[in-house]
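Trainee: Per my numbering, the sequence shown starts with residue 1, numbered consecutively. Virtual Cβ for every residue (Gly too), placed ideally from N, Cα, C. Since the model is a prediction, treat every value here as computed from it, not as a measurement.
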Amino acid sequence: MWKLLRGLSREAETFKEQGNAYYAKKDYNEAYNYYTKAIDMCPKNASYYGNRAATLMMLGRFREALGDAQQSVRLDDSFVRGHLREGKCHLSLGNAMAACRSFQRALELDHKNAQAQQEFKNANAVMEYEKIAETDFEKRDFRKVVFCMDRALEFAPACHRFKILKAECLAMLGRYPEAQSVASDILRMDSTNADALYVRGLCLYYEDCIEKAVQFFVQALRMAPDHEKACIACRNAKALKA
C-alpha cells in the first residue's frame, strides 16, 4: 500500500512539473490539464490546487480559480500563496471585503509579504471607489460614477456589478454605444443577466426604439421578476407605446 501511494505521489509530481513547464511557456490550457492530472492522483495536495488556481486566473476563469484557491487553504491554512490567490480572485470578481480578509490572513502568516501588503491596499481602494460611486449615483453625478468604476475595474476586471453600474451611467449620460457595448459583453458571457438586459433596454428606450426596449425589459423581468428598475421602465415604455 505504501509503495502504491509513493508511486502515485511520484507520478503526481511528474504531472505537476509538466504543468509548470507549460505554465512557463504560457500554454495555460495544457498546464491546467497536467495540474488536473496531478490533483486526480493526489487530491490532498494544497500546492496542486494552488497551481491550478494560478492557471485558471491566467485564463480569466476567476470563479473556478477561487474554488481551487479555497480548496488549497482548506487543505493547508498556512499556504500563503493560496490565501493570496484566494484574495486576488475575490478582488477580480469585485468582492473587495472578502479579498481583504484573505490578504489579512496572508499577512498574519507573513507580515513582510510585499504582494499581500499591496493587494490589501488595492482591495481597500476598490471599497472606497464603491462607496464614492454609491453616493455620486444618488447625486446623479454619473460622470463621476463612471470614473470610479473605471478605477475599480482596473483591480476587479471580472466584476459584472461594476460593469453594469458603469453601463447604466453611460446610458444616463447619453453615451449609448458605449453602454450597449458593455451590456452586450456581459450578455455574451451570461445571457440571463437581468441587469445587462435592463441596460440594453434603457439604451433603446432613450433612442426611441420603444418596442425593442420593452422586449428587453420583459426579458429582464423574466430573469428577475422583482427587478424594480426594469419594472418601472417597462411600465413607462408601455405607456409611451399606448
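My assumption, with CB atoms under 8 Å, is that LEU93 sits in contact with ALA156. Please give the rounded CB distance.
Mentor: With a Cβ gap of about 7 Å, LEU93 and ALA156 count as contacting.
Trainee: Tell me, to the nearest whole angstrom, how far the beta carbon of TYR198 is from that of ALA220; I am working on the premise that it is less than 8 Å.
Mentor: 4 Å between Cβ atoms; contact.
Trainee: Tell me the rounded alpha-carbon separation between LEU4 and VAL146.
Mentor: For LEU4, the predicted model reports a pLDDT of 44, less than 50, meaning its position is unreliable; a value from the coordinates is still stated below. The straight-line gap from Cα to Cα measures roughly 58 Å.
Trainee: Taking only three categories from DSSP, how would you classify LEU5?
Mentor: Per-residue confidence for LEU5 stands at a pLDDT of 48, beneath the threshold of 50, marking its modelled position as unreliable; the derived number appears in the next sentence. Three-state DSSP puts LEU5 in a helix.
Trainee: Within this structure, are the beta carbons of ARG200 and ALA183 separated by less than 9 Å?
Mentor: Against a cut-off of 9 Å, the Cβ pair of ALA183 and ARG200 comes out as a contact.
Trainee: Measuring CA to CA, which of GLU86, SER78 and LYS163 is closest to ARG52?
Mentor: Ranking GLU86, SER78 and LYS163 by Cα distance to ARG52 puts GLU86 first.
Trainee: Can you check whether the CB of PHE79 is closer than 9 Å to the CB of GLN253?
Mentor: This structure does not reach residue 253, given that the chain is present from 1 up to 242, and the question cannot be answered.
Trainee: Consult DSSP for GLU168 and reduce its assignment to one of helix, strand or coil.
Mentor: Reduced to three states, the DSSP call for GLU168 is helix.
Trainee: Label ALA38 either buried or exposed according to how many other C-beta atoms from any shown protein chain fall within 10 Å of its C-beta, with 16 as the threshold for buried.
Mentor: So ALA38 ends up on the buried side.
Trainee: When the distance is taken between beta carbons, is GLY19 closer than 9 Å to TYR248?
Mentor: Residue 248 is absent from the structure shown; the chain starts at 1 and stops at 242.
Trainee: Compute the beta-carbon to beta-carbon distance between MET58 and TYR28, rounded to the nearest angstrom, for a pair I have assumed lies under 8 Å.
Mentor: Yes, MET58 and TYR28 are in contact; Cβ-Cβ is about 5 Å, under 8 Å.
Trainee: Helix, strand or coil for CYS89, going by three-state DSSP, please let me know.
Mentor: It is helical.
Trainee: Could you check where the alpha helix (DSSP H) with GLU207 kicks off and where it finishes?
Mentor: Taken as a continuous stretch (DSSP letters only), GLU207 belongs to no alpha helix (DSSP H), as it is neither H nor E.
Trainee: Are the stretch 163-170 and the stretch 136-150 touching, with three or more C-beta to C-beta distances below 8 Å?
Mentor: Contact between the stretch 163-170 and the stretch 136-150 is present, because at least three Cβ pairs lie under 8 Å.
Trainee: Exposed or buried, which one is ALA278 when buried takes at least 16 other CB atoms within 10 Å?
Mentor: Past the boundaries of the shown model lies residue 278; the chain is included only from 1 to 242, so the question cannot be answered.
Trainee: Helix or strand or just coil, what does DSSP make of PRO225?
Mentor: In the structure shown, PRO225 sits in coil (DSSP, three-state: anything other than H, G, I, E or B).
Trainee: Could you give the C-beta distance for LEU84 and ALA116, rounded to a whole number, given that I count them as a contact under 8 Å?
Mentor: Sure, about 6 Å apart at Cβ, within 8 Å.
Trainee: Between the alpha carbons of LYS112 and ASN193, how many angstroms are there, rounded?
Mentor: Rounded to whole angstroms, LYS112 to ASN193 spans 41 Å at the Cα level.
Trainee: Thinking C-beta only, is ALA224 closer than 9 Å to LEU202?
Mentor: No. Outside cutoff.
Trainee: As an exercise, report each continuous beta strand (DSSP E) stretch of at least 3 residues that is fully enclosed by the stretch 42-105, in chain order.
Mentor: DSSP runs (the beta strand (DSSP E)) wholly in the stretch 42-105: none.
Trainee: Would you report the Cα separation of GLU11 and GLY67, rounded to the nearest angstrom?
Mentor: Whole-angstrom Cα-Cα distance: 24 Å.
Trainee: Going by the beta-carbon positions, is the gap between ALA158 and GLY60 smaller than 9 Å?
Mentor: Yes, the pair counts as a contact, with Cβ atoms nearer than the cut-off.
Trainee: Roughly how many whole angstroms lie between the Cα atoms of LYS25 and TYR48?
Mentor: Approximately 18 Å, taken between the alpha carbons.
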